[in-house]
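**Q** Structure incoming, see below.
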Amino acid sequence: MSDSAVNPLAPGSLEGKRVLVTGSSRGIGADTISYFSEAGARVAINYRNKEARALKLVERLSGNGGEAIAVGADLTDPESVAALVQTIRSAFGGLDILVLNASGGMESGMAEDYAMKLNRDAQVDFLQAVRPLLDSGSRIVFVTSHQAHFIKTVETMPEYLPVALSKRAGEDALRELIPGLEADGIEFVVVSGDMIEGTITATLLQRANPGAIEARKEAAGRLYNVGEFAAEVALAAVEPIPAHHTRYVGDISDFQR
Numbered sequence: 159m160s161d162s163a164v165n166p167l168a169p170g171s172l173e174g175k176r177v178l179v180t181g182s183s184r185g186i187g188a189d190t191i192s193y194f195s196e197a198g199a200r201v202a203i204n205y206r207n208k209e210a211r212a213l214k215l216v217e218r219l220s221g222n223g224g225e226a227i228a229v230g231a232d233l234t235d236p237e238s239v240a241a242l243v244q245t246i247r248s249a250f251g252g253l254d255i256l257v258l259n260a261s262g263g264m265e266s267g268m269a270e271d272y273a274m275k276l277n278r279d280a281q282v283d284f285l286q287a288v289r290p291l292l293d294s295g296s297r298i299v300f301v302t303s304h305q306a307h308f309i310k311t312v313e314t315m316p317e318y319l320p321v322a323l324s325k326r327a328g329e330d331a332l333r334e335l336i337p338g339l340e341a342d343g344i345e346f347v348v349v350s351g352d353m354i355e356g357t358i359t360a361t362l363l364q365r366a367n368p369g370a371i372e373a374r375k376e377a378a379g380r381l382y383n384v385g386e387f388a389a390e391v392a393l394a395a396v397e398p399i400p401a402h403h404t405r406y407v408g409d410i411s412d413f414q415r
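Under the numbering used here, the residue at position 171 of the sequence shown is numbered 329, and the numbers go up by one with no gaps.
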C-alpha cells in the first residue's frame, strides 16, 4: 500500500466476509483489497493480464495472515467471467462485497468502442454474472471519477472524454438495476473522486496532455493519492448508504453547477 496510507477499517471488523475487487492487482484496487484483507475479509484479487502482480499481492496478504486468491478474468470476455464466477463459488461460496473498480479506455491499440464496451457494457454484464453469488445484505461499490460522474454538466479534458462518457453511461446503466437489487436486499453505492495522483489514468493523461494533472491539482487545491482514495472506497463498502447512492470524495464545488 501507499506509504502514507492508513487502513480505515478496524482489525477483525470484516471477519468472515468475502470480497471481490475487479482490477485489483495494482493501484487503487490493490490498496482497497489490502484494507479489506487486513480487516479480516477473505479476498479475491482480479486481474486481466498482470498475473505476476496479483500473485505477489496474494503472497503478501497471505504472509500477513490473510486469506487471498488471484482470479484472472477479462471483464469483456463472457467465458472468462464465467470461469471467475465458478472459481469464486468454489473458493468462497458467495460474496458479501463486490467492488467494481476495473475501468479503462485510454490504452493504445484498443478498438474505438473499447471504452464503452468496458466501462458500460462489461460492468453490467459482469454484475449480472456475479449476482447469483450475492446474498441479501451484500453490497456493490462502483468506483468512478468526478469528471465522469458530472460529465453531463461539466466539460472535461478532451483526452479523457471517451472514458468520462463511457463511465457515466456505465453508472447510469448500473443505477437502473438498483430497484431489483434492493428487492433482493443487495445494496449499491457509487464512489466518485477527482483525479488521483499515481494512477495509470493520471499517467496517461499527463502523457497525452503535459501539465494536465498539475493544472487539476492547482484548481482543486489537492488531489488524493492512491492509498487515500482506496481508503474511501473501502469505507463505502461498510458505511451507511449515502443520499442518492453517491459517496463524494473530496471537494466537488468545481463540479456543481
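Yeah, the Cβ is synthetic: ideal placement off N, Cα and C, and Gly gets one too. The structure presented is a predicted model; accordingly, all values stated were derived computationally and were not measured.
Contact defined as beta carbons within less than 8 Å: I believe Arg100 pairs with His307. What is the distance between those atoms, to the nearest angstrom?
**A** Past the edges of the chain, shown from 159 to 415, lies residue 100, and the structure says nothing about it.
**Q** Classify Lys310 as buried or exposed, calling it buried when 16 or more other Cβ atoms lie within 10 Å of its own Cβ.
**A** exposed
**Q** Alpha helix (DSSP H) containing Ile371: first to last residue?
**A** Taken as a continuous stretch (DSSP letters only), the alpha helix (DSSP H) holding Ile371 covers 370-378.
**Q** Determine the closest residue to Ala366 out of Met264, Gly221, Val243, Gly223, with distance taken between C-alpha atoms.
**A** For the set Met264, Gly221, Val243, Gly223, the Cα lying nearest the Cα of Ala366 is the one of Met264.
**Q** If you draw a straight line from the C-alpha of Phe178 to the C-alpha of Leu242, how long is it?
**A** The displayed chain sequence assigns Leu, not Phe, to residue 178. Each residue's Cα considered, the two are about 10 Å apart.
**Q** Can you tell me which of the three DSSP states Gly230 falls into?
**A** strand
**Q** Taking the straight line between their C-alpha atoms, what separation do you get for Asp189 and Val384?
**A** 7 Å
**Q** Val283 lies in the alpha helix (DSSP H); which residues open and close that run?
**A** A quick correction: the sequence has Asp, not Val, at residue 283. Here the alpha helix (DSSP H) through Asp283 covers 280-288.
**Q** Considering Val239, what are the terminal residues of the beta strand (DSSP E) in which it resides?
**A** Counting along the chain, Val239 falls outside any beta strand (DSSP E), though it belongs to the alpha helix (DSSP H) covering 236-250.
**Q** Buried or exposed: which applies to Arg297, given that a residue is buried once 16 or more other Cβ atoms fall within 10 Å of its Cβ?
**A** buried
**Q** What would DSSP say about Asp254, mapped onto helix, strand or coil?
**A** Shown here, Asp254 sits in a strand according to DSSP, grouped into three states.
**Q** Give me the residue from Ser192, Ser182, Glu173 with the minimum Cα distance to Gly198.
**A** Glu173
**Q** Nearest CA to the CA of Gly223: which residue from Gln244, Glu196, Val229, Glu209?
**A** Glu196
**Q** Around the Cβ of Asn207, are there at least 16 other Cβ atoms within 10 angstroms (buried) or fewer (exposed)?
**A** Note on Asn207: under 16 other CB atoms within 10 angstroms of its CB, so exposed under the neighbour-count rule.
**Q** Applying the criterion that 16 or more other CB atoms from any shown protein chain within 10 Å of the CB defines a buried residue, is Glu386 buried or exposed?
**A** With 16 or more other Cβ atoms within 10 Å, it is buried.
**Q** When DSSP labels each residue in this structure, what does Tyr382 get in the three-state scheme?
**A** coil
**Q** Helix or strand or just coil, what does DSSP make of Thr314?
**A** coil
**Q** Does the beta-carbon of Gln281 have 16 or more other beta-carbons within 10 angstroms, so that it is buried, or is it exposed?
**A** buried
**Q** Can you look up Arg200 in the DSSP assignment and give me helix, strand or coil?
**A** strand
**Q** Between Ala331 and the rest of its own chain, which residues show a CB-CB distance below 6 Å, the 5 nearest in sequence each way excluded?
**A** Arg278, Val282
**Q** Does DSSP put Glu345 in a helix, a strand or coil?
**A** strand
**Q** In the DSSP output, which residue or residues are listed as bridge partners for Ile422?
**A** Outside the displayed range of the chain (159 to 415) lies residue 422, so it cannot be described from this structure.
**Q** Quick check on the burial criterion: 16 or more other C-beta atoms within 10 angstroms. Buried or exposed for Asp352?
**A** buried
**Q** Hey, out of Asn204, Arg289, Glu217, whose CA is closest to Glu345's CA?
**A** Arg289
**Q** If you scan the stretch 382-409 from start to end, which runs of the alpha helix (DSSP H) of 4 or more residues do you find wholly inside it?
**A** 384-394
**Q** Report the option in Ser183, Tyr272, Glu225, Leu258 whose CA atom is closest to the CA atom of Ala287.
**A** Leu258
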